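Chain order of the listed sequences is P and X. In short: position in the first sequence from 1, add 236, done, that's this note's numbering. In short: position in the second sequence from 1, add 19, done, that's this note's numbering. Glycine included, each C-beta is placed from N, C-alpha and C at the ideal position. For clarity, every value in this text was computed on a predicted model and none was experimentally measured. Only one structure is covered here, and it is reproduced in the block below.
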Amino acid sequence: MNRRTTRGTTRGIAVASALVVSSTLLAGCADELPQPQPGEAFSGPVLTEEQDTQVFTAVADTVTKADKALKGSALKPRVTGPAYEVRTSQLEVAKKRDNTEFVTEIPSESQQMIIPTTEGWPRTSFSITTSTEDLETPRLVAFEQESARADYKMWSWVQLIPGQSMPYFADSAVGSAAVAGDDDSLAASPADALAQYADLVTLGAKKSSFAKGFELPDGDLVAAVAADAAAWKEVPGFEESGTKYTQKYAARKGEVRAVRTADGGALVMGVLDGRTTVEAEDEAKVPALSETQKALLGDAEQTNVLTTRYTDMVALYVPAKGSDEKIRPLGYSHVATAASN
Amino acid sequence: MLQRILGGVLVLVGLAAAALGVASATVWRDTDTVVATAKPTGDGTFVVTDPGVLGLVGGDVTVSASVPEGQKVTLAVGRDVDVAGWVGNDPYSRVTGLTDWENLSVTAGEPADAETAAAPKSGPDPAGSDMWVAEASDENTVTLRWSDRPGRWTLLAAGVGEGAQAPTLELSWPRAVTTPYLWPGVGVGAVLVLGGALLLVLGGRRARARRADLAEQGAGDETASDLRDDGPPAAGLGAPFAPVRPDAADTAAPWAPPATTTDDAHDAVTGADAPAAPEEQERPERDPEVDGTARDAAAGTAEVPLAGRLLRRSRLRRREDVADAPSDPGPEPGPADAAPAVESPAPVPFGAVPVPAPAVPVPAEAPVHEPVPAEPTTATGALRMTRRELRAQEEARRAAEQGGMTRMLRAITGSIPTVRPAQSDPASEQGAPRPDTSTPAGRAAAWRATWGFGDTSRTGQAADPTTENDGENR
């Protein structure tokens with residue numbers, strides 16, 4: 237109770253209160269700088285559905301504009317590869333004929349998106365469109381982003397074969413893995429499958445040795461090419477004049493895009509280069525058979541030879557290795573892109 | 020005492036804690052937005068943020084990029100791999116985080132393939148890529164809002180066009196500012212204040228009880244030193260006197276005012292009569308020092324022991340007689356004669372008191388309200404102080420004692436008013452002995468004025484010895 241104790245206690249209390257006050261102040265000021273917390277690495281699709289829809293819409297807009305102008309070069313910003321090649325040709329023919337009936341209609345709405353998970357480039361996404369207004373089967377369209385600074389462009393399209401069931405794909409929110417052209421987890425690598433299919437188209441189901449690996453529906457490219465040949469042979473005097481008809485189809489190297497399906501198989505899209513030649517006797521003149529051929533030939537004088545080149549975009553389903561299923565054609569686009577005498 | 024100090028400190032600390040709590044939620048509150056700037060370094064027209072930088076402070080970020088006048092700037096947000104792929108081998112500035120709350124740390128990005136890296140002549144425009152989930156593009160300045168979402172999202176800012184420069188980035192996040200110290204601070208403060216107040220009250224009671232004990236047992240043998248040390252006098256009823264004045268302590272009759280310096284005498288004195296001189300000489304010395312300062316500081320809380328009080332009453336009565344005496348008989352011998360006459364039959368303790376000076380001749384028109392305007396005429400040696408002066412001296416002493424913590428504690432607990440009432444007008448005090456004493460109120464006023472209570476307006480408890488006068492006065 238004496239003065240000294242009092243003073244000591246007071247000092248102690250003062251020190252204690254100073255501590256409390258200063259610690260409170262420090263706690264208030266000493267907010268630590270936050271550090272960047274990178275989230276988990278992306279493993280899903282490289283595009284959202286909205287983005288893919290935007291891509292699709294952008295492509296459709298570009299194509300529609302080019303169709304209206306009948307100007308192939310207008311496709312450049314959003315169309316590439318075999319699609320560009322075929323579309324330009326179609327537009328050219330349409331311009332010559334002043335008729336767009338042979339320009340493939342591509343609906344601008346998608347009913348299913350197959351979005352890749354590829355981290356690098358090129359990246360390919362696929363889309364199944366709705367049916368066309370005149371109830372043609374849906375189109376399967378492939379979009380490719382060649383490099384990081386490039387836009388997604390339509391690389392290929394096929395018209396689905398009626399009655400063919402599409403394989404199941406991973407959800408667009410999960411994303412589907414791309415499959416390399418030489419992938420060996422499949423019944424046949426995508427490139428091989430295309431080559432075999434080309435052989436099949438060239439020789440027909442009966443003669444090709446690969447026929448047993450395929451399950452060919454009615455109305456696929458093999459049938460279409462066979463129908464072409466049959467049409468020539470039905471031309472009056474074809475047999476009698478000793479005219480020869482030859483056809484050769486081959487898979488274009490490097491032009492193969494494949495994506496994994498839900499069952500471990502793959503959807504493979506590729507290009508077959510076709511060439512048909514009609515060769516008659518020397519003095520004979522071979523007329524163009526189809527309107528497209530006529531337009532492609534233009535004013536060139538008829539000779540005894542007619543060579544027609546086709547750029548055929550095809551889509552195959554290749555099952556996984558060991559699967560009971562066979563390779564199935566899903567769709568094709570059979571378009572003559574050049575003709576010469 | 021310790022308890023009361025402790026209580027006071029607790030109250031203070033509590034108030035401080037509450038104040039700090041409130042301050043932390045008001046003046047020290049963090050700003051609602053964090054704005055950080057990134058200045059590009061090195062070559063290139065791109066600025067790329069690391070994954071996580073966009074969500075560094077909050078989920079919602081507003082990005083603003085600016086380039087020199089006349090140039091175009093584009094902001095885009097995409098997946099880290101997409102942005103990295105888009106930037107490719109071009110040099111870029113990389114934002115890696117915060118260096119402080121206002122600046123972002125920027126380093127030169129490492130191109131994927133350093134050999135082919137070369138600053139492009141014109142800044143490519145990332146606008147329009149299918150990969151971006153958000154983008155904005157404009158001249159000079161562009162702003163983009165981004166809400167963070169799971170994944171490694173990266174911002175790409177690019178100056179576009181010929182001679183483009185990498186833009187300067189400004190990221191601003193709204194921040195949820197919490198005030199975590201507000202209620203704890205106020206709560207702890209309140210608890211401390213309550214605890215402190217409790218201690219003060221308990222301490223006060225205990226001290227009072229102790230003093231009361233002391234007064235009972237030590238009533239007879241009190242000494243001035245006791246009182247001086249402990250402040251409150253412990254005067255019981257049994258004590259004949261409570262000699263407070265230090266000066267009075269060594270006199271045989273502590274209450275005895277020197278003959279020439281009693282209040283009575285002083286009050287009665289007028290003019291420059293010789294006997295009054297000593298006192299008048301004293302006044303100029305004492306008034307400023309003791310009377311003035313002491314009263315100002317401690318407002319007349321002179322201790323008047325109970326016994327002394329009773330005695331004073333009797334003296335008051337006598338003085339009234341004195342006052343009456345000269346007024347009635349007119350220009351007669353005056354109070355100087357009357358005073359001793361009345362005083363002599365005073366109660367026993369006064370027996371020893373030297374009779375106030377007959378030597379003070381009081382003129383007939385004695386009641387003069389003004390202090391004596393005198394010049395000191397003679398110096399006196401062993402003059403005794405008047406009671407008033409002694410009281411003032413004691414007040415000054417107590418006031419000095421009450422400085423610092425004690426005074427603060429008293430102020431906190433309200434045991435005395437923090438602002439003391441102003442000293443009453445000396446004139447009224449001087450005139451006090453002359454009020455109409457025919458009425459009880461007048462007599463009371465006269466009593467108060469005489470004993471210096473007119474200016475004591477303290478509101479202490481009657482039980483407190485230090486203020487027991489007040490108990491009676493009120």
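Enclosing beta strand (DSSP E) for F379/P [first to last residue]: 375 to 381
Check whether the segment 75 to 83 of chain X touches the segment 163 to 178 of chain X, taking contact to mean three or more Cβ pairs, one atom from each stretch, closer than 8 Å. yes
Would you verify that the beta carbon of S412/P is, or is not, closer than 9 Å to some beta carbon of chain X? no
Straight-line Cα distance separating V220/X from L39/X: 26 Å
V410/P - DSSP class collapsed to helix/strand/coil: Looking at V410/P - three-state DSSP - the assignment turns out to be coil, as it is neither helix nor strand.
What's the C-alpha gap between K332/P and T68/X? 53 Å
How many Å lie between Q273/P and G74/X at the Cα? 8 Å
At which residues does the alpha helix (DSSP H) containing T469/X begin and terminate? According to the DSSP assignment, T469/X belongs to the alpha helix (DSSP H) that extends over 459 to 470.
What residues in the segment 139 to 159 of chain X have a beta carbon less than 9 Å from any beta carbon of chain P? P143, P145, G147, S148, D149, M150, W151, V152
Please compile the residues from chain A whose C-beta is within a distance smaller than 7 Å of the C-beta of G317/P. The structure shown contains no chain A; the protein chains it does contain are P and X.
Which residues in the same chain as P29/X place their Cβ atom closer than 7 Å to its Cβ, once the five residues preceding and following it in sequence are excluded? The identity of residue 29/X in the sequence shown is Leu, whereas the question assumes Pro. Taken in chain order, the residues that qualify are L211, G214, G215, L218.
Going along chain X, which residues have a C-beta under 9 Å from Q287/P? D149, M150, W151, V152
In angstroms with no decimal places, state the Cα-to-Cα distance between E268/P and S124/X. 16 Å
Beta-ladder partner(s) of G180/X, from DSSP: DSSP lists G142/X as partners of G180/X.
Three-way DSSP call (helix, strand, coil) for V30/X in this model: helix
Rounded to the nearest angstrom, what separates D560/P and F450/P at their Cα positions? 11 Å
Provide the residue span of the alpha helix (DSSP H) that contains D560/P, from first to last. Element bounds for D560/P: n/a, residue is neither H nor E.
Give the DSSP-derived three-state secondary structure of T284/P in the structure shown. coil
At a CB-CB cut-off below 8 Å, which residues of chain P make contact with P70/X? P272, P274, G275
V394/P versus A296/P - alpha carbon distance: Looking at the two C-alpha atoms, the distance is approximately 15 Å.
So if DSSP puts W172/X in a beta bridge, which residue, or which two residues, is it bridged to? R98/X
Using a Cβ-Cβ cut-off of 9 Å, state whether T115/X counts as contacting chain P. yes
Alpha carbon to alpha carbon, how far is V415/P from V495/P? The straight-line gap from Cα to Cα measures roughly 5 Å.
In this structure, does DSSP put Q22/X in helix, strand or coil? helix
Spatial neighbours of E341/P within its chain, please: C-beta separation below 6 Å, excluding the five flanking residues on both sides. T368
Where F292/P falls: helix, strand or coil (DSSP): helix
Does chain X have any CB closer than 9 Å to the CB of A266/P? With a pLDDT of 49 at A266/P, under the threshold of 50, the modelled position of that residue is not reliable, and the figure given next carries that caveat. A266/P does not count as touching chain X.
Taking Cβ positions only, does A258/X come closer than 9 Å to chain P? Note that A258/X scores a pLDDT of 44, beneath 50, so its modelled location is shaky; the value from the coordinates is reported in the next line. Interface flag for A258/X against chain P is unset, since no Cβ pair is found closer than 9 Å.
Within 10 angstroms of the Cβ of G317/P, are there 16 or more other Cβ atoms? Answer buried if so, exposed if not. G317/P counts as buried, since no fewer than 16 other beta carbons sit within 10 angstroms of its beta carbon.
Using 8 Å for Cβ pairs, my map puts L430/P next to V492/P. What's the rounded Cβ distance? 6 Å
If the cut is a Cβ gap below 8 Å, which residues of chain P does W105/X touch? A384, R385
Can you tell me which of the three DSSP states R113/X falls into? If DSSP states are grouped into helix, strand and coil, R113/X belongs with the strands.
Test item: CB-CB of T438/P and V461/P under 9 Å: yes
For the 8 Å Cβ check, are there 3 or more pairs between the segment 170 to 183 of chain X and the segment 87 to 96 of chain X? yes
K442/P in three-state terms, based on DSSP: coil
Helix, strand or coil for M347/P per DSSP? Here the sequence assigns Gln to residue 347/P, which means Met is not the residue at that position. Under the three-state reduction of DSSP output, Q347/P falls in the strand class.
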